[in-house]
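Each residue of the sequence shown is one higher than the one before, counting from -18 in the working numbering.
Yeah, the Cβ is synthetic: ideal placement off N, Cα and C, and Gly gets one too.
This one's a predicted model, so the numbers in the text were calculated from it and none came from an experiment.
Contents: one structure, followed by commentary.
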Amino acid sequence: ALLHAAAPWNADPEVVLGCIAIDGASLRFAAKSLQSDRQFMLKAVQVDGMCLQFAAGVIQSDKTIALLAVGNKASALCHVPPWLAGDRQVVLAALAQDGRVLQMLCHTDRDDEQVVCAAVTA
-18 ALLHAAAPWN ADPEVVLGCI AIDGASLRFA AKSLQSDRQF MLKAVQVDGM CLQFAAGVIQ
42 SDKTIALLAV GNKASALCHV PPWLAGDRQV VLAALAQDGR VLQMLCHTDR DDEQVVCAAV
102 TA
């Protein structure tokens, strides 16, 4: 719906959050100002963690936002910058949401007892 919305609507946080609730990929058509707004993106990734892929780079690098995104949808881990995707807290948050994320991790993480236990108990 945002693809065909007039310019003022794609910058309206409530309209965009409503669209994200239906389809997280709608964020790609939102105004860049929302994609780079930390407060807005905190809400967006809680609605759909995969919104992280359409966030501005500085937002993708925000650990709090990354934690919320992977906690909502573990597969959002593939949109977290590599240096942050290896962060133990981020990895454990993703595994708590979906243990199958273990297959996305590097060998070092897969050899970690706490990481494997988190995956198995998810």
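Would you mind stating whether L16 and A37 have Cβ atoms separated by less than 8 Å? It is Gln, not Leu, that sits at residue 16 in the sequence shown. For the 8 Å CB-CB criterion, Q16 and A37 form a contact.
Nearest-angstrom Cα separation, counted from S7 out to N29: First, the amino acid is wrong: residue 29 is Asp here, not Asn. C-alpha separation (whole angstroms): 11 Å.
Report the residue from D68, L76 and G67 whose alpha carbon sits nearest the alpha carbon of G52. Considering only D68, L76 and G67, the residue with the shortest C-alpha distance to G52 is L76.
Beta-carbon within less than 8 Å of K44's beta-carbon, same chain only, minus the 5 sequence neighbours each way: which residues are those? Within its own chain, the residues whose Cβ lies closer than 8 Å to the Cβ of K44, once the five positions on either side in sequence are excluded, are L65, D68, Q70 and V71, listed in chain order.
Span separating the alpha-carbon of A(-13) from that of I40: Counting only the Cα atoms, I40 lies some 25 Å from A(-13).
Whose C-beta lies closer than 6 Å to the C-beta of A50 among residues of the same chain, with five residues either side of it excluded? Within the same chain, A50 has close Cβ partners V26, G30, L33 and A57.
Helix, strand or coil for A12 per DSSP? In the structure shown, A12 sits in coil (DSSP, three-state: anything other than H, G, I, E or B).
Roughly how many angstroms separate the alpha carbons of D79 and L(-2), rounded to a whole number? Their Cα atoms are separated by approximately 24 Å.
Specify, as a first and last residue, the run of the alpha helix (DSSP H) that G(-1) falls within. That run of the alpha helix (DSSP H) goes P(-6) to I3.
State yes or no: is the C-beta of M22 within less than 8 Å of the C-beta of C59? Result no, Cβ atoms of M22 and C59 do not sit closer than 8 Å.
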